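First residue of the sequence shown: 82, per the working numbering; consecutive thereafter.
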Amino acid sequence: MEFLKELNEEQVDAEVVRLNAIVEPQINCTSCGNCCKSLMVNITSEEADRAAKRLEVTREEFDERYVEKGSHELMILNQMPCHFLSNNACTIYEDRFAGCREFPALHLPQFTQRLFTVMMHYERCPIIFNVMEGLKTSTSFQS
Ligand code: SF4
Ligand code: SF4
């Protein structure tokens with residue numbers, strides 16, 4: 082996929098957005114849930130407060146049970162699959178974290194700078210898989 086970095090970044094972004102708009106409506110995330118089994122989710126303090134309230138636990142309990150703390154106040158969920166996934170559904174859906182809402186983030190700019198992350202999920206996420214296959218065709222990728 083390194084060849085994508087040679088292309089015009091804005092044109093690649095536009096093509097990914099176009100393909101994503103075609104592919105995404107055809108995929109039923111609730112019958113997949115793969116990202117929730119493999120995503121490293123960063124969370125903010127505000128998001129942790131909101132999730133703790135929803136789960137009716139104190140913030141201290143929430144952090145102790147679900148959060149791994151790194152440097153620079155970085156917080157990530159401490160388990161994969163995610164604690165809050167049940168029967169392929171998110172049990173805190175309305176209060177899920179920004180990283181969950183964004184994924185697979187194909188609508189965001191600077192796609193070619195996120196290729197490593199994208200390719201990590203290529204085989205797990207049908208949206209990414211199909212967009213990447215479409216991108217290969219539309220950019221005339223040969224391999
Ligand atoms: S919080 Fe919900 S959407 Fe986010 S990874 Fe966990 S189960 Fe998935
Ligand atoms: S891995 Fe992709 S298709 Fe599956 S639930 Fe996550 S975003 Fe949807």
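Even for Gly, the Cβ is constructed at its ideal location relative to N, Cα and C.
Fair warning: this is a prediction, and the values are worked out from it, not measured in the lab.
- No Cβ-Cβ contact shorter than 8 angstroms links L100 with T220.
- Annotated three-state conformation of V138 is coil, per DSSP.
- In the DSSP assignment, V122 falls outside any beta strand (DSSP E), carrying neither H nor E.
- Taking a cut-off of 8 angstroms on C-beta distances, the segment 196-210 does not touch the segment 158-167, as fewer than three cross pairs fall below it.
- Looking at the DSSP output, V148 bridges to L158.
- Counted as a single uninterrupted DSSP element, the alpha helix (DSSP H) harbouring F197 occupies residues L196 to M201.
- Inter-residue distance for C181 and S167 is about 15 angstroms (C-alpha atoms, whole angstroms).
- Remark: the C-beta of C171 is outside contact range of ligand 2, defined as less than 7 angstroms to any heavy atom.
- Sequence-distant partners of T193 (beyond 5 residues in either direction) whose C-beta falls short of 7 angstroms from its own C-beta, in its chain, are L85, K86, E90 and V93.
- Going by DSSP, Q92 is part of the alpha helix (DSSP H) stretching over E90 to V104.
- Within the DSSP bridge table, the entry for A170 names S167 as partners.
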